[in-house]
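Take the sequence shown: its letters are residues 15 to 105, numbered as in the numbering used here.
All residues carry an ideal CB built from backbone N, CA and C; glycine is no exception.
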Amino acid sequence: MNTNERTQLELIHAELKDIKEDVTELKSRLLSPDDGAIARANRNTSFRKEAEPILKQVPELIRFQKNIIKVLWIVVTAVVAMAVRMMSMHQ
């Protein structure tokens, strides 16, 4: 093996060592139990499972709110009509 081949081999070895360090760092970032990508995905999934029943109630709450608004308009209209009638009776 000549010096040129040896230099190339050492260069390749150094690059492989850098690649191995990079892969190790990426692996630790992905698999970290505290803030790794997999841990975040698991937290997101558990949050969605907990929030799903609440989100199913939202349309029911919107319907309830619309019905309450209708009832309030009816009550306000009746009170105004009674006030107008009372004012017209006293004149």
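DSSP, read as helix, strand or coil, puts M103 in helix. The three-state secondary structure of N18, taken from DSSP, is helix.
In this structure, A55 sits away from L44, with a CB-CB distance that is not shorter than 8 angstroms. Between the C-alpha atoms of D32 and A53 there is a straight-line separation of about 26 angstroms.
One alpha carbon belongs to H27, the other to S46, and they sit about 28 angstroms apart.
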